[in-house]
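Note that the numbering used here has the sequence shown beginning at 93, numbered continuously upward. The structure appears below as structure tokens.
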Amino acid sequence: MNKKFLSAILFGALMVSSTGTFVSCKDYDDDIENLQGQINSNKDAIAALQKLVGEGKWVTNISPVENGFAVTMSDGTTTSITGIKGADGKDGTEWTIGEDGFWYKDGEKTTSQAIAKDGEDGKPGATAPSPKIDANGMWVVYEWDAVKGEFVEKTTEISAQGTSAYVVKKDGVYVLHIADETGKFQEVTLPATSDAFVVEAPAAVVKVKFQTAKWQPAVKNTTEKAKKAYKTLTEKFTDLAGIAANAKVKQGGELPVLVNPANVELTDKFDFSLQLAKGKVLDIALSNPVKGIADDWKVNNGSMSRAAKTEDCLWTLDVEPAYNEKDKKYATTENEEASLVVENEKGTVVKTAFAYQVSADEVNENVDVNAGTVTYAPTIDLTAVDAKTEKAGIIYANEYKGKAIVKLRDQLNIEQYGLSLDGNVLTIANMPANVSGITVKLNVIALGLNGSAVDKDIDVTVNQDIQVAGGLEDKNVTLSTEKVSDAYTQNVLWDVADFQFTTATQKDAFFKAGKTMSVYLLDENGDKPETATYTYTTDDNNLAQYKSDGKATATSYSDFAKFGFSLNAAEYVPGTYAIVFEATDGAATIVKSEATMIVSNPKAEDIFKLVPDFTTANVLQVIGDYTTVNNKVVYDLEDGILAPDFAGSDVTYIDLDHKAWEEAMGADTEMGAIDWIDDQGRLSVYQNAWNGDDTKANEYMLNKERNIRATYTLYGNAENTIDYDFKVIVKSSVYTADGSNVTVKAITGAFGKEVNMTSNISAVYALGINKGKALTLFGNAGGSTQKDVTDYDAPKKDAAGKYVVNADATPIEIAKADLIKFGMTVDVYTALGADDKFFLTVENNDVTVGSENSTLKGWETIMTEVNKYYTYNNGTWGDKAGLSADEKAARDASAEVALFKAYKDKLAYDTKKETVTTQAKPASDEIKSVTFAWDDTKLAEKFVTSTTIGTDGKFTAKAEADIKASDLVNGKAELKVNMKVTDKWGMVMTKTYTVTIKK
């Protein structure tokens, strides 16, 4: 038989009539849980024994102690087991079977025989059931009645009063009987020898059912649908063809047994039999031991009476009763309970209690199939009984050996939930998280034991298993930085799912319940005040219930997903809050839960920023006002900080370096002695010597970083403040240490001429809102001057006056690619030889190549066109004023303009005078003075008329005749000039550059 084994052991036809306990070999926690309500005082001891047996240990000694036993295991550990009937308990009682086959109580022989005569076929005689205590508190034993040939109960005259624990040793095991709080005895079986093992029936009564029926497919399948279903099944299961009409068909018969320790492996080399109490060995063959329980173990209408909690301990044996042709029936246990006898290869014999009933059911009804309800898992065996619903997904009645064809029947259903089937195993790939269950639509064609067939559509319900094991989650709340309407509020929400409700009834009750959330601000010791700091309730409508978006109000339990309150940042201060939440329905409490909420301000660095234009490397670059306070620069720090509107305007500043100086009790000569924050809360910094003449140059306050703290009130709440620490440095907006914001172009003067250096010197602001903009170092009075400019209409010419030339008096060759643009015809161009060259002329030039003639444009023709669009404007070459759009388009399309741009820089020209008018312009306000000085005065004396340079930056070079030729290098002189720029912050910037004097 093809078997699949389940992790949860489900007994279909296994009927439990008492509360026997077996030793587990794997899942100790589950066993402890099952025993906890029955043997609370012994749970740890029993679990320890279970674990040792599971590891292959055995009992070496049991000795009585008050109210129970001390059990010594083979590893030397001793564990006490006691009953819990009360303080009147006495030492545990030990019942054993002596070698003579009689019962012994605490070592004393009784008159009761505990071993039957030898069994049939050489099998050992049956062992009597364990003694028990009757309702009158007397011991009852089972003794062999030779006349009746069976064990009979015998009430002894031995009192069992006060007995709460006793042990029976028989069949190679110890059976501990331990009273629970009700007085009922529970059993724990332990091996008694090293080679012993324990076999137990999983329950006090195990009903092993097999079914029989007469095979009549022709009679049972009368409809076309049934006939078609039967035909489909016979095509699928070809072995059906071998069953003759009206033949007796049998199925089922699987016997479960628990085996300890876990390392015992049952094999076909073991001998298995069933014996009645009378010692009769039944004509029922047991074979094919398989670990676990088969998936075709029959389930009674999808329900079961009990599910075992073990995995590795359970084995299944095939049951094959002999068929009596004379009586036309199979062998059974004859309405009695039988003991399973197991003998291993070494001849060790162990037995179970008399617990097994093997019987046959005659099946006359046709096969049927119905839908059940199962709990969601990614994969589900639809024929296995669900541990929670106690139903299988597919519930068969009167089916034959699980012969069925199961299909998913609805494509939409398949796609919606990602359904697939592998035999009876359903896979759900897309189980929605927000539903309590789904429907799986199946078609099942099943075969009955009597040959009937059914074709049926069923809808299996798959419930989503959610446990109520949660509560309020702790919260970390950062006060909001976004204004909602007129306040900075935010919803603090909890998910209903956090409570892990398992049913709609629970969730509906929670939805309808009145809810109160009390919020307590804990003090510095973590203690909660007597009264809540804030209280929110559903009755006051300030504790709201929402749908999943956290915005729309929930209308029923089905869309109820979140709940919580609106937290107004103006009302809270940072701290730890205890939250007590209760949902009630009248006097009944539905849910009560507590959580912690930590409220924090947003991080200072996230809500405050230094103005980017004023900041370099995270340091506020302050220029400030140098005019208000003598020798100081003052600055309103709020101008350098970008603060949100929920940060109040009532801000205070602290000079952290000065504070540190105070705390360290520093010396008055240290820079920290000066507080950079004045009594008006402004930054106030000395421009230069804060300590008079004793101030060292490297201790000037300008260009020194300082640590400042700004303290703001947030959200208009005087109790909620936040510190923002930053660095500040006071600088001149025009000063750079290396003079990099000053640009000096090449300054060249002629012998005997005045040289104005300022025209080639420019500067830009180094800091502040004008950073990068032009800075005026030198003022001027304005006026008109004559400027030499290039005269494009007067190119230099060769001696003959035909060709224009460059600075070396060399004619300008026309690039071959430009000849067409200059006017050469295509015929002439194509006749050109490799060595033919043409040069730019003053006037148009007629040229001949072979027999072809052409005229090339001269420079005058080009300039005639160029002068339509270009001229000098205040000494600068550019577009003529007022060009129309059409004129600009014509300019851009002009071939002559293009040739001008391509060749103008190749030509040499005469110059002409252009009038340049300048407006009067003072130096920038930040500039206090600019002075010039020769770097080497003695060297300058050789080449200039005066060693003093005026503030206008002008000097006069000596005439060449007044200069010694030996003092010139390559006919020129180079002199270094130091320019000092003093600003109104008192900073002095020096720029050194070179002036060249030549012809």
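Built from N, CA and C at the ideal position, the CB exists for glycine as well.
For the alpha helix (DSSP H) that T597 lies in, which residues bound it at each end? A596 to K604
Between N936 and K949, is the Cβ-Cβ spacing less than 8 Å? yes
Flag T1048 as yes if its beta-carbon sits less than 8 Å from any beta-carbon of chain B, otherwise no. Structure shown: chain B not included; a single protein chain is present.
Is V1073 helix, strand or coil when you go by DSSP? strand
Rounded to whole angstroms, what's the CA-CA distance from V897 to P903? Just pull it up for me. 4 Å
Helix, strand or coil for M849 per DSSP? helix
Measuring alpha carbon to alpha carbon, tell me which of Y612, G1063, F603 and V477 ends up nearest S688. Note on identity: in this sequence residue 688 is Thr, with Ser being the wrong assignment. Closest option to T688, Cα to Cα, is Y612.
Ends of the beta strand (DSSP E) at T1084? V1080 to K1090
R501 (DSSP reduced to helix, strand or coil): coil
Do T761 and D1044 have their CB atoms nearer than 8 Å? no
Within this structure, are the beta carbons of I746 and I769 separated by less than 8 Å? yes
When N723, E730, V725 and K684 are compared against F700, the one with the closest alpha-carbon: E730
6 Å Cβ shell around A646 - same chain, five flanking residues per side excluded: Q637, Y638, K639 and F652
Between F603 and G562, is the Cβ-Cβ spacing less than 8 Å? Not in contact: F603 and G562 (Cβ atoms no closer than 8 Å).
Give me, in chain order, the residues of the same chain whose beta-carbon lies closer than 7 Å to that of N313; leave out the 5 immediate sequence neighbours on both sides. Closer than 7 Å at the Cβ level, and outside the excluded window around N313, lie K319, Y322, S544 and A545.
By how many angstroms is the C-alpha of P283 removed from the C-alpha of F242? Here residue 242 is Glu; the residue named in the question, Phe, does not match the sequence. When rounded, the distance between both Cα atoms is 27 Å.
If we ignore side chains and look at the alpha-carbon of each, how far apart do V683 and T594 end up? The straight-line gap from Cα to Cα measures roughly 14 Å.
Please classify V820 as buried or exposed, where buried requires at least 16 neighbouring CB atoms within 10 angstroms. buried
Ignore the nearest five residues each way along the sequence and tell me which others in T359's own chain have a CB closer than 7 Å to its CB. P381
Which value, in whole angstroms, describes the spacing of the CA atoms of E245 and F446? 14 Å
With contact counted as at least three CB pairs below 8 Å, one residue from each stretch, are the stretch 657-673 and the stretch 572-591 in contact? yes
Could you tell me the alpha carbon to alpha carbon distance between T720 and G808, rounded to whole angstroms? 33 Å
Should E1021 and T1074 be called a contact, given that it needs their Cβ atoms to be closer than 8 Å? Residue identity check: residue 1021 is Ser in the sequence provided, not Glu. It is a contact, given that the beta carbons lie within the stated cut-off.
V1093 in three-state terms, based on DSSP: Outside the shown range of the chain, which is 93 to 1091, sits residue 1093, and nothing can be said about it.
Taking T1009 as the reference, which of T597, K342, N795 and Q878 has the closest Cα? Q878
Assigned exposure category for N311 - 16 Cβ within 10 Å defines buried: Note that residue 311 is Val in the sequence shown, not Asn. Per the 10 Å Cβ criterion, exposed.
Looking at C-alpha atoms only, which residue of V239, V267, V259 and K224 is the closest neighbour of T248? K224
Touching by the beta-carbon criterion (3+ pairs, under 8 Å), the stretch 982-998 and the stretch 912-932: yes
Under the three-state DSSP convention, the category V298 falls into: strand
Closer than 8 Å is the cut-off here; do at least three beta carbon pairs connect the stretch 450-464 with the stretch 481-496? Cβ pair count under 8 Å is three or more, so yes.
Have a look at A624 and L635 and give me their C-alpha separation to the nearest angstrom. One alpha carbon belongs to A624, the other to L635, and they sit about 15 Å apart.
Identify, in the order they occur along the chain, each residue of the same chain with its Cβ nearer than 6 Å to the Cβ of E454, setting aside the five sequence neighbours on each side. T304
Nearest-angstrom beta carbon gap, G148 and P353 [assumed within contact, 8 Å]: Indeed, because the Cβ distance is near 5 Å, the residues count as touching under 8 Å.
Distance check for I530 and L500, CA to CA, integer angstroms please. 14 Å
Roughly how many angstroms separate the alpha carbons of Y778 and V576, rounded to a whole number? 45 Å
Assuming Y580 is part of the beta strand (DSSP E), what are its boundary residues? That residue, Y580, is in no beta strand (DSSP E); it is neither H nor E in DSSP.
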